[in-house]
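Enquirer:
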Amino acid sequence: MKKLKILTAPIAGVTDYSYRKILKEFSPDVMYTEMVSANAIVMQNDKTINNILKLVGGDSVQIFGKEIDIMCRAAKFVEDLGVKHIDINAGCPVNKVVKTGGGAALMGDLDHIDRLMQRLKESVNVTLSIKTRIGYKGVRNSLNIAKLAEKNGFSYITIHGRTREQMYAGVANWDEIKMVKDNVNIDVIGNGDIFTGYDAIEKANYSNVDGVMIARGMFSYPWLITEIKEMLEFGEIKTKVTLDMKIDMAKRHLMSMIEEKGIQKGIQEMRKHMCWYIKGIKNSTKLKEKMNKMENIDEILDTLESLKME
1 MKKLKILTAP IAGVTDYSYR KILKEFSPDV MYTEMVSANA IVMQNDKTIN
51 NILKLVGGDS VQIFGKEIDI MCRAAKFVED LGVKHIDINA GCPVNKVVKT
101 GGGAALMGDL DHIDRLMQRL KESVNVTLSI KTRIGYKGVR NSLNIAKLAE
151 KNGFSYITIH GRTREQMYAG VANWDEIKMV KDNVNIDVIG NGDIFTGYDA
201 IEKANYSNVD GVMIARGMFS YPWLITEIKE MLEFGEIKTK VTLDMKIDMA
251 KRHLMSMIEE KGIQKGIQEM RKHMCWYIKG IKNSTKLKEK MNKMENIDEI
301 LDTLESLKME
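If you read the sequence shown in our numbering, its first letter stands for residue 1, the second for the next number, and so on.
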């Protein structure tokens, strides 16, 4: 099959600096920071500037918001940081984003999206793209948005195969993604329900997309990138990810989080990641409950290490 790009999604609370350092070792084609509020950038919010926009190197940035002037000012700030690729979030289904008119709510006003794209193209000299969903409030208009992206000189569109109302329930609709790919000339990236290398290749072969964006499938499993690459090169997954490999990665991840955010915050924010790393092992539910109460680094490291012996 043709060259398939691998993109890691911009996910708040997941693709922070510490996890992106890990992801970069696996060499995805595009690696996003956490999604970033355009308002927060313009207001020079400390957390946004110093944490979310702390770059590993080669990072892409996705901004969300509604107001065109603010989105353009934010994009210019990001460009001045040295970022070469900016994405517009027109797909986030979360209420606190949608109620401000950003994220998936942008899908409800195609004229506004058109003007936003035009102004961004005039304001910055970087690669531009947009991420959206297949529908909003009963209207399926991802093709319309893709055609606007093509008209305005955007490099690609990423489509998550669910409507805003579905959130993450049900099954991603790759028929809609395929339909868009069949009807535009810009690159189309497919997103939704990619949890293994086999998933990625099956969906890419069916839809003929130019790339796949991985999200939940990479939660504490950066080896998903390896799986996709091996499927492309060998037609099979050769790397066998062991529990020991997961435990060692969890420990590295923990220490990076602590170094970056301090002991208390690092441990607190690492808890969800540790639950993902140990998912599926024997008695994992009780172990997750136990680890979510731990506040001592050595206790956490010893507990993780002990899992190798079981």
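Ideal Cβ placement from N, Cα and C applies to all residues, glycine included. Small disclaimer: the values here were computed from a predicted structure and weren't measured.
Would you mind sorting Asp199 into buried or exposed? The rule is 16 or more other CB atoms within 10 Å of its CB.
Expert: Classification for Asp199: buried.
Enquirer: In the structure shown, what three-state DSSP assignment does Thr132 receive?
Expert: Thr132 falls in the strand class under three-state DSSP.
Enquirer: Report the three-state DSSP secondary structure of Ile113 (helix, strand or coil).
Expert: Helix at Ile113.
Enquirer: Give me the DSSP bridge partner(s) of Met31.
Expert: Per DSSP, Thr8.
Enquirer: Does DSSP put Arg162 in a helix, in a strand, or in coil?
Expert: Of the three classes helix, strand and coil, the one that applies to Arg162 here is strand, per DSSP.
Enquirer: Please report the straight-line C-alpha distance between Ala250 and Arg119, rounded to a whole angstrom.
Expert: Ala250 and Arg119: Cα-Cα distance of roughly 43 Å.
Enquirer: Count the CB pairs spanning the segment 88-108 and the segment 153-170 that are closer than 8 Å, and state whether there are at least three.
Expert: The segment 88-108, when compared against the segment 153-170, does touch it at the 8 Å Cβ threshold.
Enquirer: Hey, how far is the Cα of Met274 from the Cα of Met291?
Expert: The straight-line gap from Cα to Cα measures roughly 8 Å.
Enquirer: Can you say whether Ile263 is buried or exposed, counting buried as having 16 or more other CB atoms within 10 angstroms of its CB?
Expert: Answer is exposed; the Cβ neighbour count stays below 16.
Enquirer: Figure out for me which residue from Ala104, Val30, Asp298 has the closest Cα to the Cα of Asn89.
Expert: It is Ala104.
Enquirer: Is Thr33 closer than 9 Å to Asp59 when the C-beta atoms are compared?
Expert: Closer than 9 Å, so yes.
Enquirer: Could you compute how far the alpha carbon of Lys181 sits from the alpha carbon of Gly135?
Expert: Each residue's alpha carbon lies about 16 Å from the other.
Enquirer: Between the C-alpha atoms of Cys92 and Asp298, what's the straight-line distance to the nearest angstrom?
Expert: The alpha-carbon atoms of Cys92 and Asp298 are separated by roughly 38 Å.
Enquirer: Starting from Phe313, trace the alpha helix (DSSP H) both ways and give me its first and last residue.
Expert: Residue 313 falls outside the range modelled here, since the chain spans only 1 to 310, and no answer is possible.
Enquirer: Alpha carbon to alpha carbon, what distance is there between Gly217 and Leu288?
Expert: The sequence as given places Lys at residue 288; Leu does not occur at that position. One C-alpha to the other measures close to 19 Å.
Enquirer: For the putative contact between Trp223 and Val241, defined by C-beta atoms under 8 Å, what is the C-beta separation to the nearest angstrom?
Expert: The pair is a contact, with the Cβ atoms about 5 Å apart (cut-off 8 Å).
Enquirer: Work out the CA separation of Lys24 and Ser18 for me, nearest whole Å.
Expert: Each residue's alpha carbon lies about 10 Å from the other.
Enquirer: What are the start and end residues of each continuous beta strand (DSSP E) run of 3 or more residues lying completely inside the segment 29-72, in chain order?
Expert: The qualifying runs are 61-64.
Enquirer: Considering only C-alpha positions, which residue in the set Val36, Val171, Asp193 is nearest to Phe219?
Expert: Measuring from the Cα of Phe219, the nearest candidate turns out to be Asp193.
Enquirer: Is it the case that the Cβ atoms of Ile113 and Ile145 are separated by a distance below 9 Å?
Expert: Cβ atoms of Ile113 and Ile145: closer than 9 Å.
Enquirer: In whole angstroms, what is the alpha-carbon distance linking Glu176 and Asn183?
Expert: Whole-angstrom Cα-Cα distance: 11 Å.
Enquirer: Is the CB-CB distance between Asn191 and Lys131 below 9 Å?
Expert: Yes, they are a contact pair.
Enquirer: So the alpha helix (DSSP H) Asn144 belongs to, where does it begin and stop?
Expert: Start and end: 142-151.
Enquirer: Between the alpha carbons of Asn152 and Gly211, how many angstroms are there, rounded?
Expert: Rounded to whole angstroms, Asn152 to Gly211 spans 21 Å at the Cα level.
Enquirer: Would you report the Cα separation of Ile258 and Lys279, rounded to the nearest angstrom?
Expert: Each residue's Cα considered, the two are about 22 Å apart.
Enquirer: Could you name each continuous alpha helix (DSSP H) segment of 4 residues or more that falls completely within the segment 254-304, going from the start of the chain to the end?
Expert: For the segment 254-304, whole alpha helix (DSSP H) runs of length 4 or above, ordered along the chain, are 263-277, 284-291.
Enquirer: Nearest CA to the CA of Trp174: which residue from Asp187, Ile159, Asn185?
Expert: The shortest C-alpha separation from Trp174 is found at Ile159.
Enquirer: Nearest CA to the CA of Gln125: which residue from Arg73, Met107, Lys47, Glu202?
Expert: It is Asn, not Gln, that sits at residue 125 in the sequence shown. Among Arg73, Met107, Lys47, Glu202, the Cα nearest to that of Asn125 belongs to Arg73.
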